[in-house]
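Residue numbers (this note's numbering): 2 to 383.
Each residue gets a CB set at the ideal place from its N, CA and C atoms; glycine is no exception.
No experiment lies behind these values; they were computed from the predicted model shown.
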């Protein structure tokens, strides 16, 4: 797809994929610049101590050679080598630490397995030469020459400004000449460091701009990614519909086990179930509008009492999820409803018992046969 169509900013998913491939915004020059700056600061700090130690070592070697105590077969280079390691190892450690910190500050720690995969085409000299002499490779080469050109100009400028003192160096002492050279080196390091830091910032911004341009997406790519990430909207809608139906079926099935259904009465219906061994009543089903009507019809078909209580029905629906016990704040209101239900159920059971008793009493004389007088009359007629 043409780059002109890539008008959208990279999505978070696109950025994560690029990071997994090792595509992180980093200035290649900044770690080296940070290492050089750290080493320079370290040398400036330890220069007096280093000069003193090296002077003592050199003086000791010269004195030993003059007195004839220096053994040609002895460890002539041992102590100088130890002194070199004494300064080189910490310096290298500081340079490595500064370089790592500069890299982590740019993109953090990023282990990209895809970037670490061994690919033989990376070692193809033809491919490498093609990359070096490509327009991008030549542009990078010219870009890298800019800071070095600035550093060379700084060195020439310093030499020109101190040229008279350099020419007159033969007329001054060694200490004065060493001080002149030291001041020139410090000026060169200071100005070069500023140039390199500015260049590292510019290089980082250019790299960031290029990466943002490479990661841009077309509108079609954004839509395709949303489909892959979030799923097809039609399929997701179908899944949500099936889930709602399943929850509705489960709620209706559980509503058949309720003790009472509290209604609004038109919009809300909450089915409560309570057994003596329960700590508190439990909401087994709840519904709004159409589902509420289905719960009420199911309750009527199963002889479950409907109790109208608008505030309680709304409170139960909004604060209690299906399967949870009611909160303590609603204990009193629910207890009154349950007490009413139990009294009504007791009245119904008592009325049923009385009706069954009357029915049994009416059936008892018929089962015993006609009265004696009636039987005698029937016999006399015969």
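Quick one, which of the options has its alpha-carbon nearest residue i's?
| i | options | result |
| --- | --- | --- |
| residue 12 | 348, 170, 363 and 223 | 223 |
| residue 284 | 291, 253 and 226 | 253 |
| residue 185 | 197, 196 and 163 | 163 |
| residue 209 | 348, 107, 290 and 61 | 107 |
| residue 52 | 36, 24 and 84 | 84 |
| residue 62 | 264, 79 and 48 | 79 |
| residue 329 | 358, 280, 351 and 24 | 280 |
| residue 103 | 38, 173, 221 and 363 | 38 |
| residue 264 | 48, 290, 350 and 60 | 290 |
| residue 211 | 356, 141, 251 and 347 | 141 |
| residue 299 | 347, 343 and 250 | 250 |
| residue 50 | 241, 64 and 87 | 87 |
I'd like to check one pair, residue j with residue i: are the Cβ atoms closer than 7 angstroms?
| i | j | result |
| --- | --- | --- |
| residue 10 | residue 219 | no |
| residue 152 | residue 177 | no |
| residue 181 | residue 165 | no |
| residue 256 | residue 296 | yes |
| residue 294 | residue 266 | no |
| residue 282 | residue 321 | no |
| residue 32 | residue 100 | yes |
| residue 332 | residue 287 | no |
| residue 216 | residue 19 | yes |
| residue 197 | residue 34 | yes |
| residue 226 | residue 14 | yes |
Once you ignore the five residues that flank residue i on each side, which residues in its own chain have a CB closer than 8 angstroms to its CB?
| i | result |
| --- | --- |
| residue 105 | none |
Consult DSSP for residue i and reduce its assignment to one of helix, strand or coil.
| i | result |
| --- | --- |
| residue 326 | strand |
| residue 205 | helix |
| residue 288 | strand |
| residue 1 | Any question about residue 1 goes unanswered here, given that the chain covers just 2 to 383. |
| residue 50 | helix |
| residue 279 | coil |
| residue 274 | strand |
| residue 85 | helix |
| residue 173 | coil |
| residue 264 | strand |
| residue 25 | coil |
| residue 308 | strand |
Ignore the nearest five residues each way along the sequence and tell me which others in residue i's own chain have a CB closer than 7 angstroms to its CB.
| i | result |
| --- | --- |
| residue 81 | 58 |
| residue 207 | none |
| residue 159 | 185, 188 and 189 |
| residue 345 | 306 |
| residue 157 | none |
| residue 60 | none |
| residue 379 | Bear in mind that the predicted position of residue 379 carries a pLDDT of just 35, short of 50, making it unreliable; the figure below should be weighed with that in mind. Nothing listed; no residue qualifies. |
| residue 362 | none |
Less than 6 angstroms between C-beta atoms, sequence neighbours within five positions excluded: which residues of the same chain meet that for residue i?
| i | result |
| --- | --- |
| residue 170 | 178 |
| residue 17 | none |
| residue 248 | none |
Cβ of residue i within 6 angstroms of any heavy atom in the ligand ADP?
| i | result |
| --- | --- |
| residue 40 | Looking at this structure, you won't find the ligand ADP or any other ligand, since it has none at all. |
Open item on the list: Count Cβ pairs between the stretch 21-33 and the stretch 197-205 that sit closer than 8 angstroms; are there 3 or more?
Closed with: yes
Open item on the list: Any contact between the stretch 302-309 and the stretch 323-337? By contact I mean 3 or more CB pairs, one from each, below 8 angstroms.
Closed with: no
TODO: Tell me, please, whether the stretch 253-265 touches the stretch 336-343 by the rule of three or more beta-carbon pairs shorter than 8 angstroms.
DONE: yes
- [ ] Take every Cβ of the stretch 39-50, pair it with every Cβ of the stretch 91-106, and state whether three or more of those distances are shorter than 8 angstroms.
- [x] yes
Open item on the list: If contact is defined by three or more beta carbon pairs under 8 angstroms, each pair taking one atom from either stretch, is the stretch 310-321 in contact with the stretch 265-275?
Closed with: yes
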